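With the sequence shown counted from 1, adding 93 to any position gets you the numbering used here. Idealized CB from N, CA, C, for every residue including glycine. Keep in mind that this is a model prediction, so the values were computed, not measured. Report on one structure; see the data block that follows.
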Amino acid sequence: MSSLSRELVFLILQFLDEEKFKETVHKLEQESGFFFNMKYFEDQVQAGEWEEVERYLSGFTKVEDNRYSMKIFFEIRKQKYLEALDRQDRAKAVEILVKDLKVFASFNEDLFKEITQLLTLDNFRQNEQLSKYGDTKSARTIMLVELKKLIEANPLFRDKLTFPAFKASRLRTLINQSLNWQHQLCKNPRPSPDIKTLFTDHTCASSNGTRAPPPSNAPLAGPVPKPGVFPPLGGHGPFQPVVSPPSAIAGWMSAANPSMPHAAVAAAPPGLVQAPSSAGFLKHPRTPPGGPGMDYQTADSEHLMKRLRAGQPDEVSFSGSTHPPNVYSTDDLPKTVVRNLSQGSNVMSLDFHPQQQTVLLVGTNVGDISIWEVGSRERLALKTFKVWEIGACSMPFQTTLVKDATISVNRCVWGPDGSILGVAFSKHIVQIYTYSPAGELRQHLEIDAHIGGVNDIAFAHPNKQLCIVTCGDDKTIKVWDAVSGRRQYTFEGHEAPVYSVCPHYKENIQFIFSTAIDGKIKAWLYDSLGSRVDYDAPGLWCTTMAYSADGTRLFSCGTSKEGESHLVEWNESEGAIKRTYSGFRKRSLGVVQFDTTRNRFLAAGDEFQIKFWDMDNTSILTYTDADGGLPASPRLRFNKEGSLLAVTTSDNGIKILANTDGQRMLRMLETRGFDGSRGLSEPMNVKPALAGALGPITNVSATVSPILERTDRVQQPMSLLASMESSRVADVKPRILEAPDKINKTWKFPDVSEPSQLKTLKLPDSLTPSKIVRLLYTNSGLAVLALASNAVHKLWKWQRNERNPSGKSSASSVPQLWQPTNGALMSNDLNDAKPSEDSVACIALSKNDSYVMSASGGKVSLFNMMTFKVMTTFMPPPPAATYLAFHPQDNNVIAIGMEDSTIQIYNVRVDEVKTKLKGHQKRISGLAFSQSLNILVSSGADAQLCVWSIDGWEKKKSRPIQPPPGQSAPLIGETRVQFHNNQSHLLVVHESQIAIYDAQLECLRSWYPRDSLSSPVSCAIYSCDGLLIFTGFCDGAVGIFDSESLALRCRIAPSAYISSPIPSSSGGGNSFPVVIAAHPSDPNQFALGMSDGAVHVIEPSDAETKWGGSTSQENGVLPSIPSSSAMNSQPSETPSR
94 MSSLSRELVF LILQFLDEEK FKETVHKLEQ ESGFFFNMKY FEDQVQAGEW EEVERYLSGF
154 TKVEDNRYSM KIFFEIRKQK YLEALDRQDR AKAVEILVKD LKVFASFNED LFKEITQLLT
214 LDNFRQNEQL SKYGDTKSAR TIMLVELKKL IEANPLFRDK LTFPAFKASR LRTLINQSLN
274 WQHQLCKNPR PSPDIKTLFT DHTCASSNGT RAPPPSNAPL AGPVPKPGVF PPLGGHGPFQ
334 PVVSPPSAIA GWMSAANPSM PHAAVAAAPP GLVQAPSSAG FLKHPRTPPG GPGMDYQTAD
394 SEHLMKRLRA GQPDEVSFSG STHPPNVYST DDLPKTVVRN LSQGSNVMSL DFHPQQQTVL
454 LVGTNVGDIS IWEVGSRERL ALKTFKVWEI GACSMPFQTT LVKDATISVN RCVWGPDGSI
514 LGVAFSKHIV QIYTYSPAGE LRQHLEIDAH IGGVNDIAFA HPNKQLCIVT CGDDKTIKVW
574 DAVSGRRQYT FEGHEAPVYS VCPHYKENIQ FIFSTAIDGK IKAWLYDSLG SRVDYDAPGL
634 WCTTMAYSAD GTRLFSCGTS KEGESHLVEW NESEGAIKRT YSGFRKRSLG VVQFDTTRNR
694 FLAAGDEFQI KFWDMDNTSI LTYTDADGGL PASPRLRFNK EGSLLAVTTS DNGIKILANT
754 DGQRMLRMLE TRGFDGSRGL SEPMNVKPAL AGALGPITNV SATVSPILER TDRVQQPMSL
814 LASMESSRVA DVKPRILEAP DKINKTWKFP DVSEPSQLKT LKLPDSLTPS KIVRLLYTNS
874 GLAVLALASN AVHKLWKWQR NERNPSGKSS ASSVPQLWQP TNGALMSNDL NDAKPSEDSV
934 ACIALSKNDS YVMSASGGKV SLFNMMTFKV MTTFMPPPPA ATYLAFHPQD NNVIAIGMED
994 STIQIYNVRV DEVKTKLKGH QKRISGLAFS QSLNILVSSG ADAQLCVWSI DGWEKKKSRP
1054 IQPPPGQSAP LIGETRVQFH NNQSHLLVVH ESQIAIYDAQ LECLRSWYPR DSLSSPVSCA
1114 IYSCDGLLIF TGFCDGAVGI FDSESLALRC RIAPSAYISS PIPSSSGGGN SFPVVIAAHP
1174 SDPNQFALGM SDGAVHVIEP SDAETKWGGS TSQENGVLPS IPSSSAMNSQ PSETPSR
């Protein structure tokens, strides 16, 4: 549906609402899916009209669309079920269970079982979780709060929760305007026209019996005379005429009114109704193909102009448009060549300064960057390529440079306020410069960002911090802090080299679009939860994306391997193509590039020309060859105002095209001189504007956003297809670099030794202290569960209060050591033949936090977390269970590591061991599933690693862990394993080391205790976002490492969180962390289970929101040691540039 047809639906909705056709209004809302009326939805929920609630929702989403939708439908159906139980209507409850709730069983079978069990209770409030269920009205109110949050977070409802802002009675106003226009076409307009119908065009009978000519579709020229007042139309009262002053023609192209909620749209006084959207309707007839439709017609321009020149006194006019002005002139486009600049080498990327409209950044195929003042034709700066500090770069990059020293700029771009710029190169690195208004460039950061080429770079503002976004041949997108160069996020999920990135924000939601050379488009939020969307780009090859300058419209341009180019506009909310622009050569010679300007025009380089389109018209608007000399697919870039256009030439130069405004601006600059053009009388005294870009972003204008109106990286136009084929090689799996995010700085890591430097909380404990041997957070983050060596579990729950409104675990709020009302303890079965202190304990928690499976040398017990009751026991020793892990695809299947070195695959439902895996020599101490790789990795006290296929449970590979340098004897001792969020990298923990392995058991990187962290490693775990590794040591210290480089970011001394050294209950020495747990949603919070029985929750201080936040992740004191197997770089799969 076109944007105008969509707007017409909103006008009809307003009309129906004003005329009190309430049922029809909501039926149209549901059928169109354009506007979700939250007030109506709330009313239906409060009234318990469940069928209408689901019918209304069905116009916007289905159960299976996404996790938000699933949760919405589940909450509604659960409430309906509970109300049936509350009425003692068991038959209805069973019907709801079978018909409505069973669909959720495949997603969470445990939860469905628990819901089913409610049928067996006399009062479902006997269930612990439902004990606080009040009456029906209050329950519906509480549920509504949750539903509103889910709907607002659901991307399918984005842009559908707010009714567009326009004046009241807008449809009536448009009809009235149409009648006004039609009346002016009459040869002899009558002072009191007789309007009898809207079904046909209005005409006034002429004195000679003839009628006025029919209207045509010529563009409007200006205001027209106003007729007399029309009589009332139908039964709904008069349509008021639009009244504007004669000079209103100057304002009819202005923007629409500011947005306001639907409920706040008030009726305007009669005779003062404005028409902000009429220009959009009057531009072209909008008749759907293949059938009749409403024709928005304009007046005959020649006849109209005659009447205007006659100077009739009464005029009617209208102002504003929903989209930018639709009556345009091609003179607005920069098509006149005004400058020729000689760069000297092939230009690969262009970008105009966001504030200084005539300053142009250029990157070339030999790695040079230049900054030009196009007004004076002066080159302000030239930087030839060099690595700033080769020793700080990874070995793969150094090896690549030795083999082939040639390097090209893939992309260069200005930061938001122009005080910083970034350059992405064809091999591994990006370089960041600061730029002063005097034209001075200074080196700021050099980041070894990706294996292979860095294909795109952009700037973004997640969490109000300036960040750098990059993508590369290693199939990843990475986000870096623009001050320190520290890597903040790594997004993995593409299956081909990532070609471009497009950061953006809408309604305070920050996200990144990315495209890969297999044609996949993905979108990422700034978290570690994976891609939110997965679309196919037209052409399925090299595609770039860009928003219009106002950030409201999304476009992409791409070329297929066969040379077919596609320029399209997207409907973001539906992930569908809204319109496809025509006019490309059937076989483009190269990858076509494009840009947007003024929220009105698109431009692309194709067929040795620059082609232009109006955003609202799929047909080509005009084109220019820029006086010749352009390559087949020229690169191009508009300045922010759209008055200048930079275009590459085939002779290693740049042409600057200008419109009338651009020519006037350049003439003024020539007259005033170069220094005046930049407003600097004493350039040497101007300080660099670094603080604005790299400090708190307080002075960056919201209108300056090169991210919103960014051109896309451009390609070498000739021989692209041939070079693409020649560069295709076998897919080499990316490996962790020696220092992939190493920067040109050396910092000392922070040493936290005082309690004032962090937030720490020792959890209250009234039970007998005993060494904590297992520790974990609940999946909700609301509680911490510990298992002590005496086989007793301890559960701490945080309560919601003013200091802790979320109710999640926090070092700032003291939790309650929770027990059921009967005071029962949750204790494991013990092995009479072996003391509990000598037994190896294990524990695993169900996904919904309802059940915990645990063992302490005896039988494995399954506990209900609400009642602490034992639901069942199984697997009596010998041998005893030493590790537990739920199967990722079936909660009824558990992998159980045993004391006799075997692994038993056990099905709880049928109480049967499906298979027994043998491959270790000593007891099993770690198990980790990778669902994406379909494997299980096991580790044992023999310091061996084994990989098992989940499908047939056959052993695929095994090997001992790599010993520290200088140690020849094989290692022994407990070894733990944990998969990273990417499901491909594996953390291996042994007292001698922490190490990162891949799924082939190749050691990519390792770190060994030394210097200030010289004690043996006691435990380690990934942070929830996978960016950090929290590591405990046997002397009580804690080290926080970067997960990719294993560089130490922070050392926490025992004195920072232990008030006074207490001898460990385990005998000898001070207490130390036996086990460490990471919070499931806060990447900087962790908990320590101590050898003296204490549990500590630790967070950064309020002054430092992140660990090592004030310093770089790199340091020269404790470098990690790369594995020799990680030194091979990945050949590029992207098209050569």
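Reference residue i; option with closest CA among the options
i: N1074; options: V118, F956, C1096, G1119; result: G1119
i: V594; options: N269, E655, A553; result: A553
i: I83; options: V626, D844, R472; result: The first residue shown for the chain is 94 and the last is 1230, placing residue 83 beyond what the model contains.
i: V866; options: D1195, T975, Q1178; result: T975
i: Q1086; options: L1064, M131, V845; result: L1064
i: K557; options: S487, S1184, N601; result: N601
i: S1031; options: R233, K1049, Q449; result: K1049
i: E124; options: E700, M131, Y149; result: Y149
i: W573; options: P590, D541, E588; result: D541
i: R896; options: H886, W889, V907, D444; result: V907
i: Q1024; options: H1078, A1146, P286; result: H1078
i: G1129; options: V506, H1013, Y1150, M638; result: Y1150
i: I713; options: K654, Y598, L737, S675; result: S675
i: V467; options: F445, L854, F701; result: F445
i: F166; options: S863, V1003, T154; result: T154
i: K1199; options: I1169, L633, F1134, Q686; result: F1134
i: E111; options: G874, T255, K260; result: K260
Endpoints, the beta strand (DSSP E) within which residue i is located
i: Q270; result: Premise fails: Q270 lies in the alpha helix (DSSP H), 263-277, not in any beta strand (DSSP E).
i: F1134; result: 1131-1135
i: S886; result: Note that residue 886 is His in the sequence shown, not Ser. Run containing H886: 886-890, per the beta strand (DSSP E) assignment.
i: F127; result: Note, F127: premise wrong, no beta strand (DSSP E); not H, not E.
Residue i: CB within 7 Å of a non-hydrogen atom of the ligand ZN
i: V1030; result: The model depicted lacks the ligand ZN and carries no ligand whatsoever.
Sub-8 Å separation of residue i and residue j beta-carbons
i: Q1060; j: I1114; result: no
i: V1188; j: V877; result: yes
i: F731; j: T690; result: yes
i: P1102; j: S1111; result: no
i: I462; j: V452; result: no
i: L1141; j: T715; result: no
i: A609; j: V591; result: yes
i: P1053; j: Q1076; result: no
i: C1117; j: P1193; result: no
i: L204; j: R170; result: no
i: S726; j: V661; result: no
i: N921; j: P970; result: no
i: A739; j: L443; result: yes
i: F956; j: S947; result: yes
i: A1170; j: A1180; result: yes
Neighbourhood of residue i by C-beta distance below 7 Å, restricted to the same chain and skipping five residues each side
i: L211; result: L178, F217, N220
i: K615; result: G586, H587, S607, S624, V626, D627
Boundaries (first-last residue) of the alpha helix (DSSP H) holding residue i
i: S98; result: 96-111
6 Å Cβ shell around residue i - same chain, five flanking residues per side excluded
i: G173; result: Contrary to the premise, residue 173 reads as Lys rather than Gly in this sequence. Within the same chain, K173 has close Cβ partners W143, I189.
i: A934; result: V866, R867, L880, S949
i: L104; result: R263, L264
i: H980; result: V986
i: E122; result: F128, N130
i: W911; result: L888, K890
Cβ-based neighbour list, residue i, same chain, cut-off 8 Å, excluding 5 preceding and 5 following
i: E202; result: N984, N985
Check your understanding: Which full runs of the beta strand (DSSP E) of 3+ residues lie inside the region 699-732, going along the chain?
Key -> 702-707, 713-717, 729-731
Point to revise | Those runs of the beta strand (DSSP E) which lie wholly inside the region 985-1025 and span at least 3 residues | key: 995-1000, 1005-1011, 1017-1023
Check your understanding: Taking only runs of the alpha helix (DSSP H) that begin and end inside the region 877-948, which ones reach a length of at least 4 residues, in chain order?
Key -> none
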